[in-house]
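Written out below as structure tokens is the structure these notes cover.
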Amino acid sequence: MSTRIAFLKGHGTENDFVIVPDPENTIDLPPAAVAALCDRRAGIGGDGLLHVVRSAAHPEAKDMAAEAEWFMDYRNGDGSVAEMCGNGVRVFARYLQRAGHAAEGDLAVATRGGVKTVHIAKTASTSGSAAGDVTVGMGKALLPEGDVTVSVGERSWPARNVNMGNPHAVAFVDDLAHAGDLHSPPPFSPASAYPDGVNVEFVVDRGPRHVALRVHERGAGETRSCGTGACAVAVAAARRDGADPAVTGAPATYTVDVPGGTLVITERADGEIEMTGPAVIVAEGEIDADWLENAVR
Ligand SMILES: N[C@@H](CCC[C@H](N)C(=O)O)C(=O)O
């Protein structure tokens, strides 16, 4: 009888994740194992993987243990490591609530992008799977200087470089269909703008302070949502619209439609950004450890 590894599956606006609880950090998850688990045909399937580890048990998070008990060791679906995942951290909080490690209200979560404060809204459900809202304080955006151009086929657009802990290029377009097939990374220039690759958001207007996006996620392809991407888009839109909170002194709230739902983003005058949206656990089960070992060979 082979060993079993517990997992759950969850999503936030259809950005979906394999969740592997591993409080003491004993499960080896090399990139090939993550890619096998996130494979939609031969594995469980997901845009990324949330490895749930106690901060004190992870070398990258030890220093945050006093502030946040749990560390989101986030991996992209191709097995690469990313600094931050906005939807991931909301789903991570939902998992902690379901597992009894957290209650409704505020919770600190350690990430590679620093400690984030998450707020789990009160819902009627006690199972932890209800699609209630989870809000995360995403910190401040950085806006590196310099022109960036993103291309798809014959078309190209100027893009805003926004860093939400991870890198984004935000391009305002006339039609989301112009983004074409976003499975492969859209070419950008100059190459020096994103030495470690980039997440690319294509954005159209839907109304006042209301936009819609499609995204190519680094390490995952086109996804149905990207939380850091939605924040980057709200920040870029506020600068474009003359609504930069640092200039106006008033918060800017944008509704961001993604293919998998809607996120609401508020940037305050001090630059702090909050994102709210649903976070859902849909299933739990067991991974066959022999299968995983073979998949990695
Ligand atoms: N889906 C995420 C972003 C995940 C990381 C990204 N693909 C990267 O490599 O930076 C989100 O919700 O923010």
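Residues 546 to 842 (my numbering) are what the sequence shown spells out, left to right. Each residue gets a CB set at the ideal place from its N, CA and C atoms; glycine is no exception. In this text the structure is predicted, and so the values were computed from the model without any measurement.
Cβ-Cβ separation, residue j to residue i (assumed contact under 8 Å), whole Å
i, j, result
"MET683", "MET820", "6 Å"
"GLY766", "LEU727", "7 Å"
"LEU758", "VAL778", "5 Å"
"SER734", "THR694", "5 Å"
"ALA782", "VAL760", "Actually they do not touch by this definition, with Cβ atoms about 15 Å apart."
"THR800", "THR807", "6 Å"
Sub-9 Å separation of residue i and residue j beta-carbons
i, j, result
"SER770", "ASN632", "yes"
"VAL598", "TRP615", "yes"
"GLY764", "GLY593", "yes"
"ALA581", "ALA840", "yes"
"GLU649", "LYS667", "yes"
"PRO703", "ASP719", "no"
"ASP561", "GLY591", "yes"
"HIS556", "GLY774", "no"
"ILE832", "ILE589", "yes"
Closest by C-alpha distance to residue i, when choosing among the options
i, options, result
"VAL803", "GLU628, ASP750, SER625, LYS607", "ASP750"
"ALA613", "VAL679, HIS646, ASP623, LEU595", "HIS646"
"GLY830", "LEU574, VAL563, HIS556", "VAL563"
"ASP623", "PRO576, LEU641, MET617", "PRO576"
"VAL715", "VAL745, LEU687, ALA736", "VAL745"
"LEU606", "SER737, ARG842, PRO730, GLU569", "The sequence given here has Ala at residue 606, not Leu. Nearest option by C-alpha distance: GLU569."
"VAL626", "ALA644, ARG657, GLY752", "ARG657"
"GLU559", "THR768, SER701, ASN706", "THR768"
"HIS596", "HIS713, ASP567, ILE589, ALA587", "ASP567"
"GLU838", "ASP561, GLY557, VAL579, GLY590", "VAL579"
"ARG700", "ALA724, PRO712, THR668", "ALA724"
"ALA686", "THR807, ALA834, SER547, GLY772", "GLY772"
"ILE826", "SER547, VAL565, ARG549", "VAL565"
"THR571", "ASP835, ALA602, GLY557", "ALA602"
"ARG785", "ALA775, GLY774, ARG754, ARG842", "ARG754"
"GLY822", "ARG549, CYS776, PRO689", "CYS776"
"GLY677", "GLN642, VAL792, PRO689, PRO604", "GLN642"
"ASP708", "GLY816, ARG585, VAL634", "Correcting the residue type first, residue 708 is Asn in the shown sequence and not Asp. Among GLY816, ARG585, VAL634, the Cα nearest to that of ASN708 belongs to GLY816."
Neighbourhood of residue i by C-beta, 8 Å cutoff - its chain only, sequence neighbours within 5 removed
i, result
"PRO796", "PRO790, THR811, GLU812, ARG813, ALA814"
"ALA638", "ALA647, LEU652, VAL654, VAL663, ILE665, VAL679, VAL681, ALA824"
"PRO712", "ASN706, TYR739, ASP741, GLY742, VAL743, ASN744, ARG763"
"GLY794", "ALA814"
Residues near residue i in its chain [Cβ-Cβ closer than 7 Å; skip 5 each side]
i, result
"ALA828", "LEU553, LYS554"
"SER696", "PRO731, PRO732"
"GLY698", "GLY725"
"ASP835", "SER547"
Beta-carbon proximity list for residue i, same chain, < 6 Å, skipping 5 on both sides
i, result
"PHE717", "VAL748"
"GLY710", "GLU628, MET629, GLY658"
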